[in-house]
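Peer 1: Note that my numbering has the sequence shown beginning at 14, numbered continuously upward.
Using N, Cα and C, we set each Cβ at its ideal position, and we do this for glycine too.
Just dropping this structure here.
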Amino acid sequence: MENERKKTVFSGIQPSGNLTVGNYLGALRNFSEFTDKYNCLYCVVDQHAITVRQQPAELRRRTYEVLALYIACGLDPEQSILYVQSHVPQHAQLAWVLDCYTMFGELSRMTQFKDKSAKNENNINAGLFTYPVLMAADILLYQTDLVPIGEDQKQHLELTRDIAARFNAVYSDTFVIPEPYMKSGAKIYSLAEPTKKMSKSDQNENAVVRILDPKDTIIKKFRRAVTDSETEVRRAEGKEGISNLMTIYSCFTGKKDEEIEAEFKGVGYGEFKTAVGEACAAELEPIQKRYNEILSDKSYLESVMKNNAEKASYLARKTLSKVYRKVGFTTL
Ligand code: ATP
Ligand code: LTN
Numbered sequence: 014m015e016n017e018r019k020k021t022v023f024s025g026i027q028p029s030g031n032l033t034v035g036n037y038l039g040a041l042r043n044f045s046e047f048t049d050k051y052n053c054l055y056c057v058v059d060q061h062a063i064t065v066r067q068q069p070a071e072l073r074r075r076t077y078e079v080l081a082l083y084i085a086c087g088l089d090p091e092q093s094i095l096y097v098q099s100h101v102p103q104h105a106q107l108a109w110v111l112d113c114y115t116m117f118g119e120l121s122r123m124t125q126f127k128d129k130s131a132k133n134e135n136n137i138n139a140g141l142f143t144y145p146v147l148m149a150a151d152i153l154l155y156q157t158d159l160v161p162i163g164e165d166q167k168q169h170l171e172l173t174r175d176i177a178a179r180f181n182a183v184y185s186d187t188f189v190i191p192e193p194y195m196k197s198g199a200k201i202y203s204l205a206e207p208t209k210k211m212s213k214s215d216q217n218e219n220a221v222v223r224i225l226d227p228k229d230t231i232i233k234k235f236r237r238a239v240t241d242s243e244t245e246v247r248r249a250e251g252k253e254g255i256s257n258l259m260t261i262y263s264c265f266t267g268k269k270d271e272e273i274e275a276e277f278k279g280v281g282y283g284e285f286k287t288a289v290g291e292a293c294a295a296e297l298e299p300i301q302k303r304y305n306e307i308l309s310d311k312s313y314l315e316s317v318m319k320n321n322a323e324k325a326s327y328l329a330r331k332t333l334s335k336v337y338r339k340v341g342f343t344t345l
């Protein structure tokens, strides 16, 4: 229909480390699917990143890097709003209001909070606890319909929906209730411990393949991936390592499990692992090339940041002023 509202897609990635194949397959690769039909906003969520201690110079550098990677992966900053969270103050402003509509018990149940608290025992700060509320603010600020994310973020999205519904129930319709968008391959596991998710902040370099790793490193890391004592390439319980490699191979080649099993029947794991590495490196190579070109032009990236922060802020102000009015703040 002509006058039907064009739907909105929002997602974010933290500049908290060098992005992995998990981030790529679970999130980034899917972002460009929506750009023709939806209003898309893709944010570099630097405010989320400081819930874990960051080196200031590194955080700044990585913020540019994630933005450059968005563009290298095919997102056009003229078509989609690619911007940095801290440049749009309405995220933090809405987060404060939503904090007051989120329950302590709800946040206590978040598995990411439990995992990250265990990993950062000496810095279990309040921001780590309220992290999902800032994420809800990111999403709800733009009346988002669809949120492409990896499976690990599903619980946060459910909480976002609950917060939005609660607010709407008290103050009448204010927020669109967003839906998650997840694909197969929405959870890629660590190559060293294939029951844990692959995480960009993992200290063990052999556990993660980075989007920007050179081809020989990619192949070497896949060849070192932990598997099992059998020799058969097949998806099964107890074969988490091989199952994970099959997921990755399937994402890069489009092949189904049966085809993969047939392709590597009787050849052993070594050949399979090399093939996974080759397929991964082949898709990443052109992205790496574009990335290096884009990253070398800092003033271009700064102009993208500035223009898009203005566009995002224009949209964000509308929702925030509606929320402020509804809760009873005075206006000047
Ligand atoms: P960190 O290690 O700093 O917590 P992360 O690797 O989990 O970071 P995020 O910035 O939190 O990455 O996530 C960005 C996006 O990538 C999210 O949509 C998330 O769901 C997705 N993602 C992260 N890790 C994976 C994974 N292993 N498999 C699939 N998707 C993932
Ligand atoms: N919490 C997410 C990153 C994130 C996000 C968002 C994703 C912050 N805000 C809004 C989707 C929509 C993470 O840790 N992966």
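Which residue's Cα is closest to the Cα of R179: T344, E17, L345 and V340?
Peer 2: For the purposes of this step, residue 179 is taken as residue 166 along the sequence shown, with counting starting at 1. The option with the nearest alpha carbon to R179 is V340.
Peer 1: As an exercise, report each continuous beta strand (DSSP E) stretch of at least 3 residues that is fully enclosed by the stretch 143 to 179, in chain order.
Peer 2: Taking only runs of at least 3 residues, the beta strand (DSSP E) segments lying wholly in the stretch 143 to 179 are 159 to 161.
Peer 1: Which one or two residues does DSSP pair with E192 in a beta bridge?
Peer 2: Mapped onto the sequence shown, residue 192 falls at position 179. Per DSSP, L159.
Peer 1: Please confirm if the stretch 153 to 168 is in contact with the stretch 190 to 206, defined as three or more CB-CB distances below 8 Å between the two stretches.
Peer 2: A contact exists between the stretch 153 to 168 and the stretch 190 to 206.
Peer 1: In the DSSP assignment, find the alpha helix (DSSP H) that holds N320 and state where it starts and stops.
Peer 2: Position 307 of the sequence shown, counted from the first residue, corresponds to residue 320. Here the alpha helix (DSSP H) through N320 covers K311 to V340.
Peer 1: Please confirm if the stretch 74 to 83 is in contact with the stretch 308 to 320, defined as three or more CB-CB distances below 8 Å between the two stretches.
Peer 2: Yes: the two stretches touch, three or more of their Cβ pairs being nearer than 8 Å.
Peer 1: Taking the C-alpha atoms as reference points, what is the distance between E291 and T208?
Peer 2: Mapped onto the sequence shown, residue 291 falls at position 278. Mapped onto the sequence shown, residue 208 falls at position 195. Taking the straight line from one Cα to the other gives about 24 Å.
Peer 1: Just to check my reading of the structure: H61 and Y114 have Cβ atoms closer than 8 Å, yes? What is that Cβ distance to the nearest angstrom?
Peer 2: Looking up residue 61 in the sequence shown gives position 48. Looking up residue 114 in the sequence shown gives position 101. Going by Cβ atoms, the distance from H61 to Y114 rounds to 19 Å, so no, they are not a contact pair.
Peer 1: Would you give the residue range spanned by the beta strand (DSSP E) that C86 belongs to?
Peer 2: Taking the first residue of the sequence shown as 1, we reach residue 86 at position 73. Segment: none, C86 is in no beta strand (DSSP E) and carries neither H nor E.
Peer 1: Report the residue ranges of all beta strand (DSSP E) runs contained in full by the stretch 80 to 133; include only those spanning at least 3 residues, in chain order.
Peer 2: Runs of the beta strand (DSSP E) inside the stretch 80 to 133: 94 to 97.
Peer 1: Given 6 Å as the limit, tell me if S263 has its C-beta closer than that to any heavy atom belonging to ligand 1.
Peer 2: For the purposes of this step, residue 263 is identified with residue 250 of the sequence shown, where counting begins at 1. Answer for S263: no, Cβ out of range of ligand 1.
Peer 1: Under 6 Å from any heavy atom of ligand 2, does the C-beta of V58 make it?
Peer 2: On the sequence shown, residue 58 is found 45 positions in, with the first residue counted as 1. True, at least one ligand heavy atom lies under 6 Å from that Cβ.
Peer 1: Please state whether DSSP places V346 in a helix, a strand or coil.
Peer 2: Residue 346 falls outside the range modelled here, since the chain spans only 14 to 345, and no answer is possible.
Peer 1: Heavy atom of ligand 2 less than 6 Å from the Cβ of Q67, yes or no?
Peer 2: Reading the sequence shown from its first residue, position 54 is the one you call residue 67. Answer for Q67: no, Cβ out of range of ligand 2.
Peer 1: Do you know offhand how far R338's Cα is from K324's?
Peer 2: Locating residue 338 in the sequence shown gives position 325, where the first residue counts as 1. Locating residue 324 in the sequence shown gives position 311, where the first residue counts as 1. Rounded to the nearest angstrom, the two C-alpha atoms are 22 Å apart.
Peer 1: Tell me whether T211 is buried or exposed, calling it buried when 16 or more other Cβ atoms sit within 10 Å of its Cβ.
Peer 2: If you number the sequence shown from 1, residue 211 lands on position 198. Checking the sequence shown, residue 211 turns out to be Met, not Thr. It counts as buried.
Peer 1: Would you list the residues whose beta-carbon is nearer than 6 Å to any heavy atom of ligand 2, in the order they occur in the chain?
Peer 2: Having a Cβ closer than 6 Å to some heavy atom of ligand 2 are F23, S24, G25, Q27, V58, H61, M148, D151, I152, V160, I162, Q166 and H169.
Peer 1: From the DSSP output, read off the bridge partner residues of T21.
Peer 2: Working through the sequence shown from its first residue, we reach residue 21 at position 8. N52.
Peer 1: Ligand 3 heavy atoms versus the CB of N217: any closer than 6 Å?
Peer 2: As far as ligands go, the structure on display features ligand 1 and ligand 2 and does not contain ligand 3.
Peer 1: Ligand 1 and N36: does any heavy atom of the ligand fall closer than 6 Å to the residue's C-beta?
Peer 2: Within the sequence shown, the letter at position 23 stands for residue 36. Under cutoff, so the answer is yes.
Peer 1: From L172, V101 and F235, pick the residue whose C-alpha is nearest to that of Y327; which is it?
Peer 2: As a first step, residue 327 is located in the sequence shown; it is residue number 314 there, counting from the start. Y327 has its Cα closest to that of V101, out of L172, V101 and F235.
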